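Novice: All the letters of the sequence shown, read from the start, carry residue numbers 9 to 168 under the working numbering. There's a structure below that I have some questions on.
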Amino acid sequence: MAMDPLAKIKQKLQAEIDQLDHELNVDLPKEIAVARAHGDLSENAEYKYAKERQGFVNARIGQLKKRLGDLGMLNLTNIPKDRSGYGSRILVIDIERDVKIEYKLVSSEEVDAEKGHISTTSPIGRALLNRQVGDEVHVATPAGKKAFEVVKLLTIHEDE
């Protein structure tokens with residue numbers, strides 16, 4: 009089987025966490041110590057910046073860890089084989105325009121609109137989850153309501 013596509017994303021997230029961890033625990037304390045040595049903190053821009061950055065880095069690490077946890081719960085073997093889910097390629101017909109469009113359902117880190125890779129959390133992505141060939145899908149998008157019919161489906165299990 010191909011390398012778990014989620015493994016790459018997890019590695020990328022972990023690398024960012026490690027880098028931010030280093031900044032939080034090594035670089036910023038040094039900057040704060042240097043800034044403190046300059047005396048009056050009330051007008052000390054370096055100190056203010058370092059403290060603000062500390063808050064930001066802390067929040068970002070929290071976001072990344074939550075995202076890693078969410079991805080950890082996404083078990084590829086639990087993805088249905090008979091309906092759309094993460095990693096599925098879905099060919100739909102836009103009923104009003106009579107145009108075929110192919111989408112691939114991916115995680116938010118893999119989105120590439122030009123290639124038709126849409127997030128499972130986007131409005132269309134959510135609407136296309138758990139669908140089978142023949143299903144009619146109605147979705148409200150920022151551009152207005154759309155109606156699709158699923159004409160072809162390849163799940164992640166078939167799409168090697």
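Idealized CB from N, CA, C, for every residue including glycine. All of these numbers come straight from a predicted model, not from anything done at the bench.
1. Going by DSSP, what residue range makes up the beta strand (DSSP E) through E110?
2. Per DSSP, which residues does T149 bridge with? Please list them.
3. Using only the alpha-carbon positions, how far apart do A53 and E39 sit?
4. Using the Cα positions of Y94 and R68, report the straight-line distance between them to the nearest angstrom.
5. Tell me whether M9 is buried or exposed, calling it buried when 16 or more other Cβ atoms sit within 10 Å of its Cβ.
6. Flag this pair as touching only if the segment 137 to 150 and the segment 90 to 108 have three or more C-beta atom pairs under 8 Å; answer yes or no.
7. Which value, in whole angstroms, describes the spacing of the CA atoms of Q62 and S115?
8. Rounded to whole angstroms, what is the Cα-Cα separation between I103 and A151?
9. Just curious, the beta strand (DSSP E) that H125 is in, first and last residue?
10. To the nearest angstrom, how far is the alpha carbon of P37 from that of I164?
11. Which residues in the same chain have their Cβ closer than 8 Å to the Cβ of T129, if we skip the five residues on either side of it in sequence?
12. Report the residue from E166, G77, D35 whose alpha carbon sits nearest the alpha carbon of I17.
Specialist: The answer reads as follows:
1. Here residue 110 refers to the residue found at position 102 when the sequence shown is read from its first residue. Unbroken beta strand (DSSP E) run through E110: 107 to 114.
2. Along the sequence shown, one-based indexing puts residue 149 at 141. Per DSSP, G152.
3. Numbered from its first residue, the sequence shown carries residue 53 at position 45. Numbered from its first residue, the sequence shown carries residue 39 at position 31. Looking at the two C-alpha atoms, the distance is approximately 11 Å.
4. Stepping through the sequence shown from its first residue, residue 94 is reached at position 86. Stepping through the sequence shown from its first residue, residue 68 is reached at position 60. Answer to the nearest angstrom: the Cα atoms are 25 Å apart.
5. Numbered from its first residue, the sequence shown carries residue 9 at position 1. With a pLDDT of 44 at M9, under the threshold of 50, the predicted position of this residue should be treated as unreliable, and no value is reported.
6. yes
7. Along the sequence shown, one-based indexing puts residue 62 at 54. Along the sequence shown, one-based indexing puts residue 115 at 107. Rounded to the nearest angstrom, the two C-alpha atoms are 28 Å apart.
8. Taking the sequence shown and counting its residues from 1, the one referred to as residue 103 is at position 95. Taking the sequence shown and counting its residues from 1, the one referred to as residue 151 is at position 143. Computed Cα separation, rounded: 15 Å.
9. For the purposes of this step, residue 125 is taken as the residue at position 117 of the sequence shown. That run of the beta strand (DSSP E) goes 125 to 127.
10. The sequence position of residue 37 within the sequence shown is 29, counting from 1. The sequence position of residue 164 within the sequence shown is 156, counting from 1. Going by the C-alpha atoms only, they are around 45 Å apart.
11. If you number the sequence shown from 1, residue 129 lands on position 121. Closer than 8 Å at Cβ, skipping near neighbours: S116.
12. Position 9 of the sequence shown holds residue 17. Per the Cα distances, G77.
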